[in-house]
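Shown next, in structure tokens, is the structure this report addresses.
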Amino acid sequence: MSIATVFEVVLATVVLGFGFWTTAVRKTYSAAVGFVAYGLLVALIWVRLDAVDVALTEAAISGGLGGVLLLGAAARLRDSETTAAEAPGNLTRACAAVLSVLIAAALAGAVWLLPEHAPTLAPRIVANAWATSLANPVTNVLMAFRAMDTMLEKVVLLLAIIGVWSLAPDTAWGGRPGPCHRADPNGVLAFLARLLPPVGIVVGIYVFWTGADHPGGAFQGGAILASMWLLAIMAGLADTPATSRRWLRCILIAGPGLFLAVGLGGLWFGSAFLAYPAAYAKPLILGIEVAMILTIAATLGLLLAGAPERSVK
Amino acid sequence: MTEFLTAAVGFILAMLALGLVSILRGPGDTDRMMAAQLIGTAGIAALLLLGTVTGVPAAVDVALTLALLATFASIAFVKKGLSSLDTDGAGITEDK
Numbered sequence: 030m031s032i033a034t035v036f037e038v039v040l041a042t043v044v045l046g047f048g049f050w051t052t053a054v055r056k057t058y059s060a061a062v063g064f065v066a067y068g069l070l071v072a073l074i075w076v077r078l079d080a081v082d083v084a085l086t087e088a089a090i091s092g093g094l095g096g097v098l099l100l101g102a103a104a105r106l107r108d109s110e111t112t113a114a115e116a117p118g119n120l121t122r123a124c125a126a127v128l129s130v131l132i133a134a135a136l137a138g139a140v141w142l143l144p145e146h147a148p149t150l151a152p153r154i155v156a157n158a159w160a161t162s163l164a165n166p167v168t169n170v171l172m173a174f175r176a177m178d179t180m181l182e183k184v185v186l187l188l189a190i191i192g193v194w195s196l197a198p199d200t201a202w203g204g205r206p207g208p209c210h211r212a213d214p215n216g217v218l219a220f221l222a223r224l225l226p227p228v229g230i231v232v233g234i235y236v237f238w239t240g241a242d243h244p245g246g247a248f249q250g251g252a253i254l255a256s257m258w259l260l261a262i263m264a265g266l267a268d269t270p271a272t273s274r275r276w277l278r279c280i281l282i283a284g285p286g287l288f289l290a291v292g293l294g295g296l297w298f299g300s301a302f303l304a305y306p307a308a309y310a311k312p313l314i315l316g317i318e319v320a321m322i323l324t325i326a327a328t329l330g331l332l333l334a335g336a337p338e339r340s341v342k
Numbered sequence: 014m015t016e017f018l019t020a021a022v023g024f025i026l027a028m029l030a031l032g033l034v035s036i037l038r039g040p041g042d043t044d045r046m047m048a049a050q051l052i053g054t055a056g057i058a059a060l061l062l063l064g065t066v067t068g069v070p071a072a073v074d075v076a077l078t079l080a081l082l083a084t085f086a087s088i089a090f091v092k093k094g095l096s097s098l099d100t101d102g103a104g105i106t107e108d109k
């Protein structure tokens, strides 16, 4: 057994251990912490499987923003957890366990029965990469060959933010999301919030820019930018913008709006909806992605900030 | 050289498994978050070595992302968690 195999077995065991523990642990907050660590390790597995694009997304969404979202939810639930001790009965637990085992068995069976040579479009994607002059096949699929899916995905993000905002009480509608954070301006938190964002913004833009030819892209870059914004908010250096602000709403619709406009332009000047003229494919895709990284950063940041709580005075 | 780097990855993974034990034991949430941070750091080291061993330069980008977001997660833990944990370090969080 080679050392690489030993390494893979150890990694898989550790990740499985985390999975079991996160499911089994009683306290929600501990489970959220376990989930953060789990996301970090799954990113390692994706790198080992040569899916670096997925690893970047996993690190940004699952280990970073998703974990923080869960930590916040667990912190909110903790007070109600102690008062309302409504533990599910034994029958409910048994049913849930049986259902979970069945789903796991079905998934394992599906993986077991996969055909030896999976049907794949990968060679055709590589063969047609010249059409967009982007070297990263994942970006090619997301922005050109299946651009429709990506556009609709951005619309879903918009719907998600509307869903979160609609949880606001009437008095706070259009107000600022989340609590007002205060921190000692000379403390270590404010120091870190001044030190880290410049580096983070450069890395975020780099991840977006390198996505044309190497693993990366607007979503991962946007997630990094969003986390830097939230860091400044949590340290009290910036406040969340009121959700009624016009510039904020313009940024939120910039990405899908430009995408839609370019798509309709393809219908008008070209052959089909979202058909880029070959000569302008790369500038058009990069332009859409610039608008999208802003939209994604603002949307993810506002999703984590939560529903408007403070009315504008 | 490759063998040595792979062995180093193995050693870091062993440390990572120890971090898992530490998360399992607890006892407090703060101890668990510290262990999660240790796992994040070990994960970054493993990624950098792995990228060198397998010739995937983009692994460095993943390591960068992990480094930024693991820090962010720990800040969120302090801000969201400590306000209701009764520790003496709560002086820095005065959310209203």
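Which chain is which? The protein sequence lines are A and B, in order. Position 277 of the first sequence, counted from 1, bears residue number 306 in this note's numbering, the numbering being contiguous throughout. Position 49 of the second sequence, counted from 1, bears residue number 62 in this note's numbering, the numbering being contiguous throughout. Virtual Cβ for every residue (Gly too), placed ideally from N, Cα, C.
Strictly under 7 Å for the Cβ-Cβ distance: is A:Ser256 near chain B by that measure?
Taking the first sequence and counting its residues from 1, the one referred to as residue 256 of chain A is at position 227. Yes, A:Ser256 counts as interfacial toward chain B.
Please report the distance separating the alpha-carbon of A:Phe298 from that of A:Met177.
Residue numbering aside, residue 298 of chain A sits at position 269 when the first sequence is read from its first letter. Residue numbering aside, residue 177 of chain A sits at position 148 when the first sequence is read from its first letter. C-alpha separation (whole angstroms): 18 Å.
Chain-order list of residues whose beta-carbon lies under 7 Å from that of A:Ala206 (same chain, five-residue window excluded)
Taking the first residue of the first sequence as 1, we reach residue 206 of chain A at position 177. It should be pointed out that residue 206 of chain A corresponds to Pro in this sequence rather than to Ala. The residues are Thr269, Thr272, Leu331, Ala334, Gly335, Ala336, Pro337 and Glu338.
Can you pull the chain A neighbours of B:Phe24, defined as C-beta to C-beta under 8 Å?
Walking along the second sequence from the start, residue 24 of chain B turns up at place 11. Under the 8 Å cutoff, chain A gives no residues; its nearest Cβ is about 10 Å from B:Phe24.
Given this structure, state the Cα-to-Cα distance separating B:Ala72 from A:Gly92, to the nearest angstrom.
As a first step, residue 72 of chain B is located in the second sequence; it is residue number 59 there, counting from the start. As a first step, residue 92 of chain A is located in the first sequence; it is residue number 63 there, counting from the start. Taking the straight line from one Cα to the other gives about 16 Å.
Can a CB atom of chain B be found closer than 7 Å to the CB of A:Ser59?
Taking the first residue of the first sequence as 1, we reach residue 59 of chain A at position 30. Yes, A:Ser59 counts as interfacial toward chain B.
Apply the 10 Å Cβ neighbour rule to B:Glu16 and answer buried if 16 or more other Cβ atoms are within range, or exposed otherwise.
Reading the second sequence from its first residue, position 3 is the one you call residue 16 of chain B. Exposed.
With 16 other CB atoms within 10 Å as the buried threshold, where does B:Asp101 fall?
Taking the first residue of the second sequence as 1, we reach residue 101 of chain B at position 88. Caution applies to B:Asp101, whose pLDDT of 38 falls short of 50 and renders its modelled position unreliable; the value that the coordinates give is listed next. By the 10 Å Cβ count, B:Asp101 comes out exposed.
Please report the distance separating the alpha-carbon of A:Asp9 from that of A:Gly118.
The structure shown does not extend to residue 9 of chain A, since chain A spans only 30 to 342, so no value can be given for it.
List the endpoints of the continuous beta strand (DSSP E) containing A:Arg55.
Residue mapping note: residue 55 of chain A aligns to position 26 of the first sequence, counting from 1. No beta strand (DSSP E) holds A:Arg55; DSSP gives it neither H nor E.
CB contact flag (A:Gly233, A:Ile262, <7 Å):
In the first sequence, residue 233 of chain A corresponds to position 204, counting from 1. In the first sequence, residue 262 of chain A corresponds to position 233, counting from 1. No, the pair does not count as a contact, with Cβ atoms beyond the cut-off.
Below 8 Å, can you find three or more Cβ-Cβ pairs linking the region 49 to 57 of chain B to the region 19 to 34 of chain B?
yes
Do A:Asn169 and A:Ala158 have their C-beta atoms closer together than 7 Å?
In the first sequence, residue 169 of chain A corresponds to position 140, counting from 1. In the first sequence, residue 158 of chain A corresponds to position 129, counting from 1. In this structure, A:Ala158 lies closer than 7 Å to A:Asn169 by Cβ.
With distances taken Cα to Cα, identify the nearest neighbour of A:Ser343 among A:Met257, A:Thr42 and A:Arg274.
The shown model of chain A, from 30 to 342, leaves out residue 343 of chain A, and the question about it has no answer.
Hey, does A:Val167 have any beta-carbon neighbour from chain B nearer than 7 Å?
Along the first sequence, read from residue 1 onward, the residue named residue 167 of chain A stands at position 138. No, A:Val167 does not count as interfacial toward chain B.
Bounding residues of the beta strand (DSSP E) (the contiguous stretch that carries A:Glu338):
Mapped onto the first sequence, residue 338 of chain A falls at position 309. Note, A:Glu338: beta strand (DSSP E), Pro337 to Arg339.
Among A:Thr179, A:Ala151, A:Ile322 and A:Ala222, which residue has its Cα nearest to the Cα of A:Gly292?
Indexing the first sequence from 1 puts residue 292 of chain A at position 263. Of A:Thr179, A:Ala151, A:Ile322 and A:Ala222, the residue nearest in Cα terms is A:Thr179.
Nearest-angstrom Cβ-Cβ length linking B:Leu79 and A:Ala255, presumed shorter than 8 Å
As a working note, residue 79 of chain B is residue 66 in the second sequence. As a working note, residue 255 of chain A is residue 226 in the first sequence. Not confirmed; about 16 Å, so no contact.
Determine whether the Cβ of B:Val75 lies closer than 7 Å to any Cβ atom of chain A.
The residue given as residue 75 of chain B occupies position 62 in the second sequence. B:Val75 counts as touching chain A.
Environment of A:Trp141 [buried if 16+ CB atoms lie within 10 Å]:
To locate residue 141 of chain A, count along the first sequence from 1; it is residue 112. With fewer than 16 Cβ atoms within 10 Å of its Cβ, A:Trp141 is classed as exposed.
Residues of the region 31 to 42 of chain B in Cβ contact with chain A at a cutoff of 8 Å, in chain order, please.
Gly32, Leu33, Ile36, Leu37, Gly39 and Asp42
Ignore the nearest five residues each way along the sequence and tell me which others in A:Leu190's own chain have a CB closer than 7 Å to its CB.
Position 161 of the first sequence holds residue 190 of chain A. One detail in the question is off: residue 190 of chain A reads as Ile in this sequence, not Leu. Excluding residues within five positions, the ones whose Cβ falls inside 7 Å are Leu281, Thr328, Leu331 and Leu332.
With a threshold of 7 Å between beta carbons, is A:Met263 in contact with chain B?
Mapped onto the first sequence, residue 263 of chain A falls at position 234. At least one chain B Cβ lies under 7 Å of A:Met263.
Closest residue to B:Thr84 among B:Val66, B:Met46, B:Gly64 and B:Asp74 (Cα-Cα distance):
For the purposes of this step, residue 84 of chain B is identified with residue 71 of the second sequence, where counting begins at 1. Of B:Val66, B:Met46, B:Gly64 and B:Asp74, the residue nearest in Cα terms is B:Met46.
Residue from B:Asp44, B:Asp42 and B:Ile88 whose Cα sits closest to the Cα of A:Leu94:
Here residue 94 of chain A refers to the residue found at position 65 of the first sequence. The option with the nearest alpha carbon to A:Leu94 is B:Ile88.
Listing by chain order, which chain B residues have their CB less than 9 Å from the CB of A:Ala290?
Indexing the first sequence from 1 puts residue 290 of chain A at position 261. Within chain B, no residue comes near A:Ala290; the closest Cβ sits about 31 Å away, beyond 9 Å.
What does the Cβ neighbour count give for A:Pro244, buried or exposed, with the cut at 16 atoms within 10 Å?
Working through the first sequence from its first residue, we reach residue 244 of chain A at position 215. Under this definition A:Pro244 is a buried residue.
Go ahead and pull the three-state DSSP assignment for A:Pro270.
Taking the first residue of the first sequence as position 1, residue 270 of chain A is located at position 241. Residue state, collapsed to three classes: coil.
Can the beta-carbon of A:Ala304 be found closer than 7 Å to that of A:Gly316?
Numbered from its first residue, the first sequence carries residue 304 of chain A at position 275. Numbered from its first residue, the first sequence carries residue 316 of chain A at position 287. Taking 7 Å as the Cβ cut-off, A:Ala304 and A:Gly316 do not qualify as a contacting pair.
Does the beta carbon of B:Phe17 sit closer than 7 Å to a beta carbon anywhere in chain A?
Along the second sequence, one-based indexing puts residue 17 of chain B at 4. Taking Cβ atoms only, chain A never reaches closer than 7 Å to B:Phe17, which makes this a no.
So, does the CB of A:Ile253 fall closer than 7 Å to a CB anywhere in chain B?
To locate residue 253 of chain A, count along the first sequence from 1; it is residue 224. With 7 Å as the cut-off, A:Ile253 counts as an interface residue toward chain B.
Same chain, Cβ closer than 8 Å to B:Val66, five either side skipped, listed in chain order
As a working note, residue 66 of chain B is residue 53 in the second sequence. Contacts found: Thr15, Leu18, Thr19 and Val22.
Taking 6 Å as the limit between beta carbons, can you name the residues of its chain near A:Ile322, skipping five residues before and five after?
Translated into positions along the first sequence, residue 322 of chain A becomes position 293. Counting only Cβ-Cβ distances below 6 Å, and skipping sequence neighbours, we find Phe237, Ala247, Gly250 and Gly251.
Just reading off the alpha helix (DSSP H) that A:Met172 is part of, what are its end residues?
In the first sequence, residue 172 of chain A corresponds to position 143, counting from 1. Where A:Met172 is concerned, there is no enclosing alpha helix (DSSP H), given that its DSSP letter is neither H nor E.
Assess, as a yes-or-no matter, whether the region 46 to 65 of chain A is touched by the region 31 to 41 of chain B under the definition of 3 or more beta carbon pairs within less than 8 Å.
yes
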